[in-house]
Each structure stands twice: as structure tokens, then as C-alpha cells.
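**Student:**
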Amino acid sequence: MRVPMTEYLVIDLDTERWVCRVCAHDMGSAHENYKPGTLVYDRDPREIHQPVLDPDRYEYTFSPDPSYCRILEYYCPGCGTQLECEYLPPGHPPVLDIVVDVAALRAQWEQRGVDAEKVHNYGPGEDAQKHTAALKAIGHLH
Numbered sequence: 005m006r007v008p009m010t011e012y013l014v015i016d017l018d019t020e021r022w023v024c025r026v027c028a029h030d031m032g033s034a035h036e037n038y039k040p041g042t043l044v045y046d047r048d049p050r051e052i053h054q055p056v057l058d059p060d061r062y063e064y065t066f067s068p069d070p071s072y073c074r075i076l077e078y079y080c081p082g083c084g085t086q087l088e089c090e091y092l093p094p095g096h097p098p099v100l101d102i103v104v105d106v107a108a109l110r111a112q113w114e115q116r117g118v119d120a121e122k123v124h125n126y127g128p129g130e131d132a133q134k135h136t137a138a139l140k141a142i143g144h145l146h
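So the sequence shown is residues 5 to 146, counted in the numbering used here.
#1: What residue does the beta strand (DSSP E) around V14 start on, and which one ends it?
#2: Among the residues of its own chain, which have a CB less than 8 Å from the CB of C89, if the five just before and after it don't count?
#3: Start and end of the beta strand (DSSP E) containing I75?
#4: Going by C-alpha to C-alpha distance, which of G82, D60, G32, Y91 sits closest to H53?
#5: Buried or exposed for Y62, going by 16 or more other Cβ atoms inside 10 Å?
#6: For the alpha helix (DSSP H) that contains L57, what are its first and last residues?
#7: From V99 to P68, what distance separates their C-alpha atoms?
#8: Can you tell which of D48, D58, D16 has the C-alpha that lies nearest to the C-alpha of S71?
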């Protein structure tokens, strides 16, 4: 059974692994943080929040200072879907944002007796699944 945890991440209770909901790429043990299994883009915050004032004329431009702030974007290595984004001070490790008691999760869903993916129908939907199937058919995804 697969249980949706976010829009693009599920936990496969049979294997106890984090899995991309779009392409089914395995991102590691569900007992640990999924982020080490992702591609990480460490963004300069000035790329996202461009200066409001001329940086040649003003020290403070309303754009985040990269010596105080960084933006980490996490992507699925299988299909490139963005899974998460976080603002952190430089040098801070990735945040552990989801901690799951896998055994309790399994027990809850077994007791309910329904398919978690059918109950939680938010997320990538049919278009993403069709796109993923097409990429697999032409050999771009495994």
C-alpha cells in the first residue's frame, strides 16, 4: 500500500521507502529523511527575490543577503519534479520536516480498510501519470 504524505511524495508501506508520486523513483528509507535521496539546488536568494532598489546605489535593496539566507530546492532525481523548498541560514543542514512512525501508519491504514491513494486524491493526477508513462515508453525514465 502507498500512502500519500505530500503532493509528490508517498510512503510505500510494503517496502517502507519514500517514493516519488510522479515517477515512482525510490528516495530512501521511510524511517529517515527523504531529502538525501533528492537532487538539491542551492539557490542564491537574489535570483528569486530580485533587488527592489539599485544595488549600486544602496546597501540594502529588499533582496535577501546570501550571507544570511539561502534557498534549497529539492527535486526528484527520476523526473525532476520539485518536492520541497526551504529558506535556511548558510551552513544550516536540511530541515527534517517529516518524521513518520511507519508501523503506526501501516496499522492506521489497515484498520481503515481503504486504499490511501484513492482516499487522498490530491497530487499529480492523471496528466502527470500519462506524462511519466510516455517518458518510460521512450526510455527517459526507468
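A virtual CB, placed ideally from N, CA and C, is assigned to each residue, including glycine.
**Tutor:** Let me lay it out:
#1: 13-16
#2: I75, L76, E77, Y78
#3: 74-79
#4: Y91
#5: exposed
#6: Per DSSP, L57 belongs to no alpha helix (DSSP H) and is neither H nor E.
#7: 20 Å
#8: D48
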